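One structure is given below, encoded as structure tokens.
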Amino acid sequence: MGIPGREVYFPKGTPGIDPRTPMPPGDRRSRILGGGDGGRSVAVAIVSTLVFFGLVALLIVRSPGWDAPGGVKDQFFNAEVFRESFPLVLERFWLDVIIFMTAEALVLVLALFIAVLRSLSGPVFAPLRILAAAYTDLFRAVPTILVIYLLGFGMPALELQGVPNSEIFWAIVALTLVYSAYVAEVYRAGIQSVHPSQVASARSLGLRRGQAMRYVVLPQAVRRVIPPLLNDFIGLQKDAALVAVLGVREGLREAQILQASFFNFTPLVALAVIYIIITVPEARFVDWLVARDQRRRQAGGLV
């Protein structure tokens, strides 16, 4: 039963339903696990994954340069150096956390402002749209590390009265400017995804254009772009390490100092482990948000 032209899907094992009933087109189990037979597919996926990574690990540890004196194992995975360097790198890494959390808060506000400017309609707002477009084009074109160099060394050299000379301050400014350009485009895509009928309905209820944008369009747009926003912020927290080029003694700079002290690259691996511990859960959270959004869209399209 159902509306003509629309298919109805039931979970496998539903009483009275043929088990051969096709799964919804958007069901990820058929594409990831290779079928819908539950336990067997999961077992095959786990075994094949373990075999694959086991072969990769075996290939690495059997390579000639792995266990040789001064080889990869000793230079990158020295347990003693790791134990000594990890707490020192972690202590300095908190400066990275402060930098990217401050930049994230600023990016959310500045990027939304730029996106709204680019979304203004009417010839009277043309100069604002041009300025907003020029901003996004400029800071998406210049590499982040160059912006950090230019602001971090250039602005203090001007010796302007009342302007901070702190490298950390200008590093945060540089990250905010660059990532606001990227995030503004994410916001703008979300704004454009809201159907014009939403604005028309709001206007028909007596709301002005600005009120329609604030109370109708933006809440829907922001909710739709949360997963890509989180992806951009994962990139931002990694690029916070670029402030090391200004001489700021944060996680990366501390790892470089320890690497030079020990004549060993293991401190850099320790820093990589810290980033993995923080980033992987965030990436899985983004995947969960995307999957939840897909389920909601599929539920809305099925009867």
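Every position in the sequence shown, counted from 1, becomes a number in my numbering once 413 is added.
Glycine included, every Cβ here is placed at the ideal spot set by N, Cα and C.
Since the structure is predicted, the reported quantities are computational estimates derived from the model, not experimental observations.
Handout entry: Contained alpha helix (DSSP H) runs [length at least 4] in the stretch 652 to 708, N- to C-terminal order
Key = For the alpha helix (DSSP H) assignment, the uninterrupted runs of no fewer than 4 residues enclosed by the stretch 652 to 708 are, from N- to C-terminal side, 664 to 675.
Problem - Contact check, L649 vs Y600, beta carbons under 7 Å - result: Taking the sequence shown and counting its residues from 1, one reaches residue 649 at position 236. Taking the sequence shown and counting its residues from 1, one reaches residue 600 at position 187. If you check the CB distance, L649 and Y600 do not come in under 7 Å.
Exercise for the section: Return helix, strand or coil for L530, following the three-state DSSP convention. Expected result: Against the sequence shown, residue 530 aligns to sequence position 117. Helix.
Exercise for the section: Helix, strand or coil for I644, going by three-state DSSP, please let me know. Expected result: Numbered from 1 along the sequence shown, position 231 holds the residue referred to as residue 644. One detail in the question is off: residue 644 reads as Asn in this sequence, not Ile. DSSP places N644 in helix when its eight states are reduced to three.
Exercise for the section: For E580, count neighbouring C-beta atoms within 10 Å of its own C-beta (all shown protein chains included) and say buried if the count is 16 or more, exposed if not. Expected result: The residue labelled residue 580 in the question sits at position 167 within the sequence shown. Label assigned to E580: buried.
Handout entry: Under the three-state DSSP convention, the category P500 falls into
Key = Position 87 of the sequence shown holds residue 500. Reduced to three states, the DSSP call for P500 is helix.
Problem - Three-pair Cβ contact test at 8 Å for the stretch 532 to 539 versus the stretch 673 to 688 - result: Contact fails: fewer than three Cβ-Cβ distances are below 8 Å.
Handout entry: Rounded straight-line distance, which links the Cα of P569 to that of L721
Key = In the structure as shown, the chain begins at 414 and stops at 716. Residue 721 is therefore absent and cannot be evaluated.
Practice task
State buried or exposed for G483, treating a residue as buried only when at least 16 other CB atoms are found within 10 Å of its CB.
Solution key: Here residue 483 refers to the residue found at position 70 of the sequence shown. That one is exposed.
Practice task
List the endpoints of the continuous alpha helix (DSSP H) containing Y600.
Solution key: Here the question's residue 600 lines up with position 187 in the sequence shown. Taken as a continuous stretch (DSSP letters only), the alpha helix (DSSP H) holding Y600 covers 580 to 606.
Handout entry: Collapsed DSSP secondary structure at W507 in the structure displayed
Key = The residue given as residue 507 occupies position 94 in the sequence shown. It is helical.
Problem - DSSP state of G619 mapped onto helix, strand, coil - result: Along the sequence shown, read from residue 1 onward, the residue named residue 619 stands at position 206. The answer is coil: DSSP assigns G619 none of H, G, I, E or B.
Practice task
Please confirm if the stretch 513 to 531 is in contact with the stretch 598 to 615, defined as three or more CB-CB distances below 8 Å between the two stretches.
Solution key: The stretch 513 to 531, when compared against the stretch 598 to 615, does touch it at the 8 Å Cβ threshold.
Handout entry: Nearest neighbour of L655, chosen from L564, F678, Q605 [CA to CA]
Key = Here residue 655 corresponds to residue number 242 of the sequence shown, with the count starting at 1. Looking only at L564, F678, Q605, the smallest Cα-Cα distance to L655 is reached by L564.
Practice task
Could you check how far apart the C-beta atoms of V502 and L659 are, in whole angstroms? I think they sit under 8 Å.
Solution key: Indexing the sequence shown from 1 puts residue 502 at position 89. Indexing the sequence shown from 1 puts residue 659 at position 246. Not confirmed; about 18 Å, so no contact.
Practice task
Return the first residue and the last residue of the alpha helix (DSSP H) that V763 is part of.
Solution key: Nothing about residue 763 can be reported from this structure: the residues present for the chain run from 414 to 716 only.
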